[in-house]
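Each protein sequence line maps, in turn, to chains A and B.
For this note's numbering, add 1133 to where a residue sits in the first sequence, where the first one is 1.
For this note's numbering, add 373 to where a residue sits in the second sequence, where the first one is 1.
Even for Gly, the Cβ is constructed at its ideal location relative to N, Cα and C.
Predicted model, so just to flag it, every value in this text is computed and none were measured.
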Amino acid sequence: MTIEITMPRLSDTMEKGTIIKWHVSEGDEISAGEVLADVETDKATMEMQSFDDGVVAKIAVDEGVAVDIGTVVAVIAEEGESADEVSVPDSSVSLSDIPDETVSAAPVEEPAPEGIKSRRVTPVARRLAEQHGIDLQTIEGSGPGGRIVKRDVLAAADATAEVKAAVPPAAAKRPQEETVVNVSSSTSTSMSIPSTPVTTPSLTALAMTGDRREPVSSMRQTIARRLVESKQEIPHYQVSMVFAMDSLMALRSQLNEELSTQDVKLSVNDLIVRACAIAMQRNPLMNASWDEDAIVYHAEVNIGVAVALPEERGGGLVVPVIRHADKLSLRSISAQTRALGEKARTKGLSVEEMEGATFTISNLGMFGVDAFTAIINPPNSAILAVGACLQKPVVRDGNLEVGWEMNATLSNDHRVVDGATAARYLATLKDLIEHPASILV
Amino acid sequence: MTADVPEDSYSIPIGQAKVIRQGDDCTIVSFGRAVHFCTEAAETLASDGIQCEVIDGRSIKPLDIETIASSVRRTNCCVVVDQSWPFASIGSEVAAEIHRVCFDDLDNHVHRVHSDDVPAPYAWNLEQEMLPNARKICEAVRSVTYNV
């Protein structure tokens, strides 16, 4: 009996996985529990373990290739069975099902793995594409069977050149002339130049020699996909409020001073997390998600805190989740936030640590940002964009004073949360932050 | 068909092809009588905006592959016209040479126009249809340049 190892579903949103590194090679003896490979999903990099003892008969998927869940990635022969006798299922079936986006997402320099439909390109088209620095994966072929021919490459090159030429608004007439010249010099004047989907105009306009083209990581793809989805599907609107921070700042320094011996160091953000969670409890209409034909009101208040990852870990951001934040003490919130942030920055988070947020906080205050708006992190209905806590001239009881202020902007999904609801939530938050005793007790 | 001829005696160099029409879109190579069909086809195609370079090979062996290749390297596609049956013909040999020398410059395989692979008919009208002609060359050029 042979055992097929398939790409496991490692998170609920995972559709594909990429084997980053194989820890075993063909012919290796393995035992149950042994780590076979590191798998990068849309959320995190995880270990894939073997559930059986045996011999690795076949590794069917190369490192760096994204495959669908369920695709056979390796075959294990059981003990006593010769690895050579194992018939390896043809993985090309599942591989060929991968839509083109995966193919183009894979590093272009790498040869297409077996089974993935190779693009047909005529010799001269391939050479011209190299000369013009055009990525063949971005071109549709107009020849028989989708073959990419010379004119497809030249059209793409012309499109790039046209956009470049069209950029200076003063040169309104010249680009047209250049266009004609380009077309006639490329193929012939009356040949129909196929409308070729090239990269977006804004990008081609910027195309410069020496540009670097880097394939994106799974995480970057996920960020891109989810945020585009969010911005396109969710009717966002923003509500903004300024909070007087004097009481909260005073409370924080008092607490930190008195608890310094107990290794407690509360950040402003910890207090905001706690305040948001309590405000959520008092405004349960906010703690909800849109689900096609229903609004789901969540039983738990789980607050996601956006964490930027350092460049050396590839950058990007993750959202660790503080579960039951409304029921946790400030001390636990602070400890968890710190631990999760640290783990995210160094080792990376597990899927469980990033799942289940019902609300998200994004804080750019530490960078000195006054105010900004954030994109909702689906399936949340709201995200709070927190600015810096700054000393400002403020008017209190008719007197001009110096006070601490902080701006917070709430982005909402109007399908779930109406303006008045969002405003009430912010008002609750303001009350909590400006009278922080209720955050404590 | 009319054209000027030299009044004095003259000789044609052996092994040296002649570019008799210049164009950037497709190379047409032919020998002997069929060259006239090629220029006729080139005129028709020019009115459609396809500029053909017509090369009269003039001698078959030695074959001036360099003149042909330098044209194909510019146009990236080629039609060979040969008034004979296609199998094991002058045209198939020339096409094979172009593939060998210009492989990396081709945007399509070399197309060939020959007499149809049938016994030559006696009726004049059928014979004209069976031989290479301007219509067949135009079709081949449109096909090789993906303008079908």
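- Message: DSSP has glutamine 1371 of chain A in a bridge; who is on the other side?
- Response: A:Ser1544
- Item | Best match in A:Gly1437, A:Ala1210, A:His1265 and A:Ala1199 for proximity to methionine 1147 of chain A [C-alpha to C-alpha] | A:Ala1199
- Closer than 8 Å at the beta carbon, the chain A residues around tyrosine 383 of chain B: Residues of chain A passing the Cβ test: none, with the nearest at roughly 35 Å.
- Query: Any Cβ of chain B within less than 8 Å of the Cβ of alanine 1258 of chain A?
  - Reply: Taking CB atoms only, alanine 1258 of chain A has a neighbour in chain B less than 8 Å away.
- Message: Taking 8 Å as the threshold (beta carbon to beta carbon), is serine 403 of chain B in contact with chain A?
- Response: no
- Message: For the segment 1257-1277 of chain A, list every residue whose C-beta sits within 7 Å of some C-beta in chain B, in sequence order.
- Response: Val1257, Ala1258, Arg1260, Ser1275 and Gly1276
- Message: My output table needs one value for lysine 1480 of chain A: the three-state DSSP class, helix, strand or coil.
- Response: coil
- Item | Endpoints, the beta strand (DSSP E) within which glutamate 1496 of chain A is located | This sequence places asparagine at residue 1496 of chain A; glutamate is not what is there. 1492-1496 is the span of the beta strand (DSSP E), which, as asked, contains asparagine 1496 of chain A.
- Who pairs with tryptophan 1155 of chain A in a beta bridge, going by DSSP? Secondary-structure assignment with DSSP links tryptophan 1155 of chain A through a beta bridge to A:Ala1170.
- Query: If you draw a straight line from the C-alpha of serine 1183 of chain A to the C-alpha of isoleucine 1136 of chain A, how long is it?
  - Reply: 10 Å
- In chain order, which beta strand (DSSP E) runs of at least 3 residues are fully inside the segment 452-487 of chain B? 484-486
- Quick one: does lysine 1176 of chain A have its CB under 8 Å from some CB of chain B? no
- Item | beta strand (DSSP E) segments (min. 3 residues) lying fully within the segment 1379-1439 of chain A | 1421-1424, 1427-1430 and 1436-1438
- Task: Starting from the C-beta of glycine 1274 of chain A, find all residues in its chain whose C-beta is less than 8 Å away, skip the five residues before and the five after it, and write them out in chain order.
- Result: Arg1252, Arg1253, Val1254, Arg1280, Ile1281, Val1282 and Asp1285
- Message: Just verifying my parser: in three-state terms, what is the DSSP assignment at leucine 1517 of chain A?
- Response: DSSP places leucine 1517 of chain A within a strand segment (E or B) once states are collapsed to three.
- Query: Is the CB-CB distance between isoleucine 1572 of chain A and leucine 1404 of chain A below 8 Å?
  - Reply: yes
- Query: Buried or exposed: tryptophan 1155 of chain A, going by 16 or more other Cβ atoms within 10 Å of its Cβ?
  - Reply: Tryptophan 1155 of chain A is buried by the Cβ-count criterion.
- Task: With 8 Å as the threshold, decide whether the Cβ of arginine 1548 of chain A is near any Cβ in chain B.
- Result: Chain B, which has no Cβ nearer than 8 Å to the Cβ of arginine 1548 of chain A, makes this no.
- Query: Listing by chain order, which chain B residues have their CB less than 7 Å from the CB of threonine 1255 of chain A?
  - Reply: Leu479, Asp480 and Asn481
- Item | CA-to-CA distance, leucine 418 of chain B to alanine 493 of chain B, given in whole angstroms | Inter-residue distance for alanine 493 of chain B and leucine 418 of chain B is about 28 Å (C-alpha atoms, whole angstroms).
- Query: Under the rule that 16 or more other beta-carbon atoms within 10 Å means buried, what is aspartate 1530 of chain A, buried or exposed?
  - Reply: Aspartate 1530 of chain A should be labelled exposed.
- Query: Which class does serine 403 of chain B belong to by DSSP, given the choice of helix, strand or coil?
  - Reply: strand
- Query: For tyrosine 519 of chain B, does the count of other Cβ atoms within 10 angstroms reach 16, so buried, or fall short, so exposed?
  - Reply: buried
- Query: Contact check, arginine 431 of chain B vs isoleucine 463 of chain B under 8 Å by CB: the rounded distance?
  - Reply: Between isoleucine 463 of chain B and arginine 431 of chain B the Cβ distance is about 13 Å, and since that is not below 8 Å, they are no contact.
- Query: Can a CB atom of chain B be found closer than 8 Å to the CB of lysine 1283 of chain A?
  - Reply: yes
- Given valine 1314 of chain A, which residues of its chain have a CB within under 7 Å of its CB, disregarding the five upstream and five downstream residues? Confidence in valine 1314 of chain A is poor, its pLDDT being 40 and thus under 50, which makes the residue's placement unreliable; the coordinate value appears in the next sentence. Contacts found: none.
- Contact set between asparagine 498 of chain B and chain A, taken where Cβ atoms lie within less than 7 Å: Simply none; closest approach about 32 Å.
- Message: In this structure, how does DSSP classify threonine 417 of chain B when only helix, strand and coil are distinguished?
- Response: helix
- Task: Tell me whether asparagine 1510 of chain A sits in a helix, a strand or coil according to DSSP, three-state version.
- Result: coil
- Query: Quick check: the segment 1513-1524 of chain A against the segment 1474-1489 of chain A, are there 3 or more CB pairs under 8 Å?
  - Reply: no
- Item | Own chain residues within Cβ distance below 6 Å of histidine 1431 of chain A, not counting five before or after | Asn1420 and Thr1491
- Query: Can the beta-carbon of histidine 1265 of chain A be found closer than 8 Å to that of alanine 1288 of chain A?
  - Reply: no
- Message: Does phenylalanine 1505 of chain A come out as helix, strand or coil in the three-state DSSP assignment?
- Response: coil
- Around the C-beta of glutamine 389 of chain B, are 16 or more other C-beta atoms found within 10 angstroms, so that it is buried, or is it exposed? exposed
- Message: Closest to asparagine 1416 of chain A by C-alpha separation, out of A:Asp1459, A:Ala1439 and A:Val1452, would be which residue?
- Response: A:Asp1459
- Message: Distance cutoff 8 Å, beta carbons only. Does cysteine 511 of chain B sit that close to anything in chain A?
- Response: no
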